[in-house]
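Data first, discussion second: the structure below is written as structure tokens.
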Amino acid sequence: MKNRLTIIIGFIIFSLMNLNAQNINLGIKTGAGIAKTNFTNIPDIDSNSDIFSSNFSYSINGTLNYRINQLFGFSVEPGIIKQGWISNKENNNENKINLYYFQLSSFLDFYLSDKLFFSIGPEVDYLVNAKNKTTSNSEEITDLFRKFGLSGMTGITYNIFDIYDIGFKFSHGLTKISDELLWVADDDINTIKLRGYNQSFQFFIKFRIKNLR
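Structure representation (structure tokens):
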């Protein structure tokens with residue numbers, strides 16, 4: 001895992017060192033939407049239940065976009081994102097799991113026109129804090145989750161004005177979020193270690209603060 005992260009970060013740094021400043025624009029992107037965790041090994045009898053629900057998600061990122069030519073570009077977006085899920089939403093013992101990550105994203109951009117482009121690429125995530133929030137209190141649970149993670153992202157961006165972009169993005173975890181989460185069967189005896197992967201879908205707005213063309 002650490003070797004993959006090192007390769008990705010090294011690729012980003014190498015790419016930044018070789019950019020042509022005339023094709024760069026800098027900005028700030030903020031997004032909001034929904035997040036959930038995809039648990040892949042829940043027993044079939046419970047897989048369609050409403051035990052796990054979507055949580056509110058938001059993100060704030062700095063952006064650096066480099067237009068290589070008419071068809072291709074490259075983007076780097078460091079920032080923070082809130083992930084997580086809600087369990088037992090319809091019951092009085094609701095648990096809202098909030099996961100806060102620092103993320104470093106790098107994307108290959110495919111330009112469909114001067115105003116519209118499609119992006120795909122990896123996101124390196126570092127867990128800053130995790131909390132279990134109930135109706136009565138809030139408990140820190142950071143130690144239950146992996147510190148590092150890797151996700152894949154795809155999105156589409158449209159330039160509505162000279163300095164404003166809007167778009168949608170979807171991300172899915174490629175590494176599981178924890179080695180410590182357990183599923184307890186109805187008999188309270190049999191347990192399963194859950195394999196969970198972050199997912200999020202967001203609408204975003206980007207403001208270009210500097211264009212070096």
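The numbering of the sequence shown is full-length UniProt numbering, which starts it at 1 and goes up by one. Virtual Cβ for every residue (Gly too), placed ideally from N, Cα, C.
Chain-order list of residues whose beta-carbon lies under 8 Å from that of residue i (same chain, five-residue window excluded)
| i | result |
| --- | --- |
| residue 95 | 86, 87, 88, 132, 133, 134 |
| residue 45 | Caution applies to residue 45, whose pLDDT of 48 falls short of 50 and renders its modelled position unreliable; the value that the coordinates give is listed next. None. |
| residue 71 | 110, 111 |
| residue 164 | 205, 206, 207, 208 |
Euclidean distance between Cα positions of residue i and residue j
| i | j | result |
| --- | --- | --- |
| residue 29 | residue 104 | 13 Å |
| residue 61 | residue 80 | 6 Å |
| residue 108 | residue 137 | 42 Å |
| residue 151 | residue 101 | 12 Å |
| residue 205 | residue 161 | 11 Å |
| residue 82 | residue 195 | 19 Å |
| residue 198 | residue 74 | 24 Å |
| residue 142 | residue 130 | 5 Å |
| residue 111 | residue 167 | 14 Å |
| residue 48 | residue 93 | At residue 48, the pLDDT of 47 sits below 50, so the modelled position is not reliable; the number obtained from the coordinates is stated separately. Roughly 20 Å separates the two Cα atoms. |
C-beta atoms of residue i and residue j nearer than 8 Å
| i | j | result |
| --- | --- | --- |
| residue 178 | residue 145 | yes |
| residue 26 | residue 63 | yes |
| residue 23 | residue 66 | yes |
| residue 34 | residue 201 | yes |
| residue 181 | residue 193 | yes |
Cβ-based neighbour list, residue i, same chain, cut-off 6 Å, excluding 5 preceding and 5 following
| i | result |
| --- | --- |
| residue 183 | 192, 194 |
| residue 41 | 195 |
Which of helix, strand or coil DSSP assigns to residue i
| i | result |
| --- | --- |
| residue 114 | coil |
| residue 125 | strand |
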